[in-house]
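Asks:
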């Protein structure tokens with residue numbers, strides 16, 4: 004939220020609506036838009052979080068019929084990260100926790116984030132700002148709280164999220180921006196060999212924008228021109 008205005012609101016609402024449809028959660032999207040807009044105006048600057056649940060239910064797994072969904076809006080200050088993360092890049096921790104493959108939930112920002120909680124608990128040092136997560140087959144998927152991009156021979160690569168992972172709002176925005184710039188884009192399975200041979204690597208989310216990745220295990224990368232270009236676009240979108 005910047006100056007009382009929710010940033011990338013349409014992207015967030017589109018993802019929310021898609022998630023509600025896939026999970027069969029009833030939601031009044033006009034009401035959500037109005038409430039979020041009003042909440043953002045009161046917050047001024049910071050981070051707004053909307054939690055949408057199925058609502059009251061009885062004991063057991065069967066969802067209650069004709070129960071209105073519950074909306075919870077939270078606000079807080081914008082996180083402050085070291086400037087070096089954006090300027091010089093970050094190192095990735097090699098997470099042991101693997102993402103389970105479940106196509107029915109793939110891409111969704113649902114409330115079960117236990118895999119991310121376990122992965123984030125694996126490191127506490129200041130050397131690593133993020134962790135690299137793979138699926139149970141060893142494919143590269145994402146960061147613990149970000150999406151992963153590689154640049155190889157001028158082509159922008161990111162993971163296929165049809166089995167697991169979170170399809171982030173900034174990921175979607177950068178993919179569209181890259182296509183508008185007529186950059187080659189390839190969404191596919193990524194493997195460790197793709198990471199090791201990449202020319203540039205970066206992470207993104209809708210709070211900090213783009214962080215270059217300067218190292219993972221024995222591999223190191225420069226902060227390249229395409230990363231800088233997309234980082235500038237993200238900064239403009241987020242007004243940071």
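Residue numbers (the working numbering): 4 to 243.
Glycine is no exception: its CB is placed at the ideal position from the N, C-alpha and C atoms.
If we count Cβ pairs, one from each stretch, closer than 8 angstroms, do we get three or more for the segment 206-226 versus the segment 84-93?
Replies: Yes, they touch.
Asks: How about residue 230 and residue 210: do their beta carbons lie closer than 8 angstroms?
Replies: In the chain shown, counting from the first residue as 1, residue 230 sits at position 227. In the chain shown, counting from the first residue as 1, residue 210 sits at position 207. No.
Asks: Rounded to the nearest angstrom, how far is the Cβ of residue 193 from that of residue 170, given a contact under 8 angstroms?
Replies: On the chain shown, position 190 is the one that residue 193 refers to. On the chain shown, position 167 is the one that residue 170 refers to. That belief does not hold up - the Cβ atoms of residue 193 and residue 170 are roughly 15 angstroms apart, past 8 angstroms.
Asks: Based on the DSSP output, what are the partners of residue 215 in its beta bridges?
Replies: In the chain shown, counting from the first residue as 1, residue 215 sits at position 212. Note: residue 215 sits in a beta bridge opposite 205.
Asks: Under three-state DSSP, which class holds residue 55?
Replies: Taking the first residue of the chain shown as position 1, residue 55 is located at position 52. Residue 55: strand per DSSP, three-state reduction.
Asks: Quick one: what's residue 183 bridged to in DSSP?
Replies: Reading the chain shown from its first residue, position 180 is the one you call residue 183. Answer is none; residue 183 lacks a bridge partner.
Asks: Is DSSP giving residue 127 helix, strand or coil here?
Replies: Your numbering for residue 127 matches position 124 in the chain shown. DSSP places residue 127 in coil when its eight states are reduced to three.
Asks: Give the secondary structure of residue 77 by DSSP, where H, G and I count as helix, E and B as strand, and everything else as coil.
Replies: Numbered from its first residue, the chain shown carries residue 77 at position 74. Strand, per DSSP.
Asks: Checking the sheet assignment: what are the DSSP bridge partners for residue 21?
Replies: Reading the chain shown from its first residue, position 18 is the one you call residue 21. In DSSP, residue 21 forms no bridge with anything.
Asks: Measuring CA to CA, which of 111, 79, 189, 139 is closest to residue 25?
Replies: In the chain shown, residue 25 corresponds to position 22, counting from 1. When each option's Cα is compared against that of residue 25, the closest is 111.
Asks: Are the segment 118-132 and the segment 92-106 in contact at 8 angstroms, needing three or more beta carbon pairs?
Replies: Contact holds: three or more Cβ-Cβ distances are below 8 angstroms.
Asks: Per DSSP, what kind of secondary structure is residue 139 in: helix, strand or coil?
Replies: Along the chain shown, one-based indexing puts residue 139 at 136. Looking at residue 139 - three-state DSSP - the assignment turns out to be coil, as it is neither helix nor strand.
Asks: Using a threshold of 8 angstroms, state whether the C-beta atoms of residue 43 and residue 7 are closer than that.
Replies: Within the chain shown, residue 43 is the residue found at index 40, counting from 1. Within the chain shown, residue 7 is the residue found at index 4, counting from 1. In contact: residue 43 and residue 7 (Cβ atoms closer than 8 angstroms).
Asks: For chain C, find out if any of its Cβ atoms is closer than 8 angstroms to the Cβ of residue 142; answer yes or no.
Replies: The structure shown contains no chain C; it holds only a single protein chain.
Asks: Using the Cα positions of residue 166 and residue 115, report the straight-line distance between them to the nearest angstrom.
Replies: By 1-based counting over the chain shown, the position of residue 166 is 163. By 1-based counting over the chain shown, the position of residue 115 is 112. Each residue's alpha carbon lies about 16 angstroms from the other.
Asks: Which ranges does the alpha helix (DSSP H) cover as unbroken runs of at least 4 residues, wholly within the segment 80-126, from first to last along the chain?
Replies: Here the runs fully enclosed are 86-90, 117-123.
Asks: Can you tell me which of 191, 220, 182, 184 puts its alpha carbon nearest to the alpha carbon of residue 199?
Replies: Locating residue 199 in the chain shown gives position 196, counting from the first residue. That would be 220, whose Cα lies nearest to the Cα of residue 199.
Asks: May I ask which residues mark the beginning and end of the beta strand (DSSP E) holding residue 46?
Replies: As a position in the chain shown, residue 46 is number 43, starting the count at 1. Here residue 46 belongs to no beta strand (DSSP E); instead the alpha helix (DSSP H) covers 32-46.
Asks: Where do the N-terminal and C-terminal ends of the beta strand (DSSP E) with residue 198 fall, by residue?
Replies: For this step, residue 198 is matched to residue 195 along the chain shown. Counting along the chain, residue 198 falls outside any beta strand (DSSP E), though it belongs to the alpha helix (DSSP H) covering 195-200.
Asks: Rounded C-beta distance between residue 19 and residue 55? I'm assuming under 8 angstroms.
Replies: Looking up residue 19 in the chain shown gives position 16. Looking up residue 55 in the chain shown gives position 52. Right, the Cβ-Cβ distance comes to about 7 angstroms (below 8 angstroms), so this counts as a contact.
Asks: Can you give the Cα-Cα distance for residue 134 and residue 140, rounded to whole angstroms?
Replies: Indexing the chain shown from 1 puts residue 134 at position 131. Indexing the chain shown from 1 puts residue 140 at position 137. So the two alpha carbons sit approximately 17 angstroms from each other.
Asks: Evaluate residue 27 with the Cβ neighbour count: other Cβ atoms within 10 Å of its Cβ, from every protein chain shown; 16 or more gives buried, anything less gives exposed.
Replies: Numbered from 1 along the chain shown, position 24 holds the residue referred to as residue 27. Result: exposed.
Asks: For the beta strand (DSSP E) containing residue 154, name the first residue and the last one.
Replies: Reading the chain shown from its first residue, position 151 is the one you call residue 154. Its beta strand (DSSP E) spans residues 150-155.
Asks: Can the beta-carbon of residue 86 be found less than 8 angstroms from the beta-carbon of residue 50?
Replies: Your numbering for residue 86 matches position 83 in the chain shown. Your numbering for residue 50 matches position 47 in the chain shown. Against a cut-off of 8 angstroms, the Cβ pair of residue 50 and residue 86 comes out as no contact.
Asks: Residue 161 bridges to which residues according to DSSP?
Replies: By one-based count along the chain shown, residue 161 stands at place 158. Answer is 152, 190, bridged to residue 161.
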